[in-house]
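Here the structure comes first, spelled out in structure tokens, and everything after it is commentary.
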Amino acid sequence: MALLQIAEPGKSAAPHQHRLAVGIDLGTTNSLVAAVKSGSATCLQDEQGNTALPSVVRYLSDGLIVGGEALGAQKADPQNTVSSAKRLIGRKLEDIDTAHLPYRFGNGGNIIEINTRQGAKTPIDVSADILRHLKERAEANLGGTLVGAVITVPAYFDEAQRQATKDAARLAGINVLRLLNEPTAAAIAYGLDNGAEGTFVVYDLGGGTLDVSVLELSKGLFAVKSTNGNSALGGDDFDHRLFCHLLEQNKLSALNEQDSRNLLSLSRRAKEQLTDHEQTTVETTLSDGRSISTVITRQEFQNLTRQLVQKTIEPVKQALKDAGVSKADIKGVIMVGGSTRMPHIQQAVATYFGQTPLNNLNPDQVVALGAAMQADILAGNKNSGDWLLLDVTPLSLGLETYGGLAEKIIPRNTTIPTARAQEFTTFKDGQTAMTIHVVQGERELVADCRSLAKFTLRGIPPMSAGAARIRVTFQVDADGLLSVSAQEQTTGVQAQIEVKPSYGLDDQTITRMLKDSMANAAEDMAARARAEALVEAESITAAVTAALELDGDLLDKDEQADIRGCIAELQSRLKEGTAEDIRAAVAKLGQSTDNFAAKRMNRTIQRALTGQNVDNI
Ligand code: ADP
Ligand code: MG
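Counted the way the numbering used here counts, the sequence shown spans residues 6 to 622.
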């Protein structure tokens, strides 16, 4: 029988009880779970003493297995064994290069589905299975039920990828205390939240990816100023260089699959040994009986991979540039990811920044440890003071305005959570509805941006063009999810939408969109100027035509012809003319109507005065 706990409103039910909360690093290759125990963060082990759980799930006919055993079976059962689900989560099938993947993809439209012997599995399902496994490990280890978890995601994850990660947690029965950016978690693990001030760089080189982030800390606030990276550069590439070197040295051409897999895994082991040893020997016997024995020195390995090391510095430069800081502004560099153990990586980063990086924590665990520390605070076990965590939007968010132009509401690299509002008006007389088209990107024209969502605000009272006031508010919450609302100010009618775009963007796409915007800046400006001039032309033509219909009798034939001539001239410029041509014709039409406008004004005043007592005026 259970006793109900009764607590005063606003007070925690059991103030002395430690509330169990964990941090989870849901990784591409490996996942970890950590918790604060007796005041310090520790990664929790499985029964064999492993902390890292390979992020691999194998679906059996009666159940599933997660982790090392599933990884081991991948070769034998590739279609039912899913790895690297993180590369697929929150994304659309058409954005994925499926050619090299062994799965049978379902045809559920754009939703990614992998057909296994247990039916169709989405990347969310696979991630949920990994999370459930870690939750069970944690509950067994800590001896109780979790109140929640902080789950880390790459800083460049967009709304769809974040939402999908949350959905996976919900499926696993985990209460998400919040999603936390991986670099921010690493900074927390290094204790930078305790009063550190200034700009820090997080350099995360894992198995297959490089993520660089610039963080700014001030008065206990964290802000991710910029992110950059390469989703196809990591420890695997170093293995591959060594593998090619071994082929060359031993004059091997075509290896069968088993031999090449074997040699690749020996290359990886040799690479890891060269981190602590000056030299190592790769020895094996191939399936045709030939034996290999090659000595590799650390110096040789470093020469072989020098270019790869240099390639990791490019995203670092770009991240600094985007954040608007220089090398000299960097107070500290945090090393994350197993590949940062390599001495020449340490050296290259140290040389570039002119300082020794922070590297005394285990680079595989640092993200999970930071997440656990944050979870402990959010669960209410530690008083955090006014500690807040802030991230940034990777691309600008805005909406489509008349003429197909993109108006940015929240510029890229804005610290989140954030909310911005801007007022818009109707373009046509009597317009009662307005379509709000939410877009993402840096380009001036909507056609060059990414469309996120569309919704319509109805019930605007009919008014003349430009009289309605519609306030559009963009809000991005702490997890990076966007909601947009529009409200007409006189009646209060309102419409809103939560943006959960159906597919995500990877860092390469983001980089490409940014590059495009820089490359096309001049053209875009011209296109914007022209589109603006067109809107102006359309609006003045409509106004003058309407006025001629109403009060044309005020003008003689010549005057009318003059104005109509100017309208015709303006119309003839719309198709081919430049922004300047159009503006000149607009100005000319404006001048031609000066006299007409004065006459109309007099008539209006006369009408107003007619029949009225002078005292009332
Ligand atoms: P991910 O973030 O992609 O899950 P990790 O941070 O776990 O990856 O890093 C895995 C990579 O780190 C692998 O390429 C592995 O070979 C490499 N690695 C691990 N230990 C060492 C070491 N001692 N020396 C060099 N590389 C290492
Ligand atoms: Mg990692």
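We put the CB at the ideal spot given by N, CA and C, even for glycine.
Using a Cβ-Cβ distance cut-off of 8 Å, the stretch 86-99 and the stretch 108-123 are in contact, since at least three pairs of beta carbons, one from each stretch, lie closer than that value.
Under the three-state reduction of DSSP, A39 is assigned to strand. Taking C-beta atoms under 8 Å as the contact rule, A154 and L182 qualify, at a distance of about 6 Å. Boundaries cannot be given for H105, as no beta strand (DSSP E) includes it and DSSP labels it neither H nor E.
Here V481 really is in contact with I421; their C-beta atoms are around 5 Å apart, less than 8 Å. Taking 6 Å as the cut-off, the C-beta of E141 does not count as close to any heavy atom of ligand 1. For ligand 2, no non-hydrogen atom lies closer than 6 Å to the CB of G403. G32 has its CB nearer than 6 Å to a heavy atom of ligand 2.
At least 7 Å separates the beta-carbon of A473 from that of K433. Taking 6 Å as the cut-off, one finds at least one heavy atom of ligand 1 near enough to the beta carbon of N35.
Per the Cβ contact rule, the stretch 210-218 is in contact with the stretch 229-245 (3 or more Cβ pairs under 8 Å). Taking D134 as the centre and dropping the five residues before and after it, the same chain places the C-beta of V62, L69 and V71 closer than 7 Å to its C-beta, in chain order. For G359, the CB stays at least 6 Å from every heavy atom of ligand 2. Counting along the chain, I193 sits inside the alpha helix (DSSP H) bounded by residues E187 to A194.
One thing to note: F479 has its Cβ no nearer than 7 Å to the Cβ of L559.
Note that the C-beta distance between I179 and K140 is below 7 Å. Relative to ligand 1, the beta carbon of T157 is positioned no closer than 6 Å to any heavy atom. One Cα belongs to E74, the other to E253, and the distance between them is close to 33 Å.
With three or more CB-CB distances shorter than 8 Å, the stretch 366-382 counts as touching the stretch 21-39. DSSP lists S488 as the beta-bridge partner residues of E503. Boundaries of the beta strand (DSSP E) harbouring M439: A438 to Q445, taken from the DSSP string. K276 and Q427 have their C-alpha atoms some 55 Å from each other.
Scanning L197, R578, D369 and C571 for the CA closest to the CA of K336 turns up L197. Taking 7 Å as the cut-off, the beta carbon of R605 is found closer than this to the beta carbon of D556.
Pairwise C-beta distances place the stretch 296-306 out of contact with the stretch 196-214, as fewer than three of them are shorter than 8 Å.
About 20 Å separates the Cβ atoms of F243 and S88, ruling out a contact at the 8 Å cut-off. With the rule of 3 Cβ pairs closer than 8 Å, the stretch 350-367 does not count as touching the stretch 400-415. Looking at Q499, L291, G239 and L238, the one whose alpha-carbon comes closest to that of L251 is L291.
If you look at Y357, you'll find it in the alpha helix (DSSP H) that goes P348 to F358. For Q284, the enclosing beta strand (DSSP E) starts and ends at Q284 to T290. Residue range R303 to L309 is occupied by the alpha helix (DSSP H) that includes R303. No Cβ-Cβ contact shorter than 7 Å links L49 with R122. DSSP places T170 inside the alpha helix (DSSP H), whose first and last residues are E164 to L176. For E447, the closest C-alpha among the options T286, A534 and D521 is that of D521.
At least one heavy atom of ligand 2 lies closer than 6 Å to the C-beta of G211.
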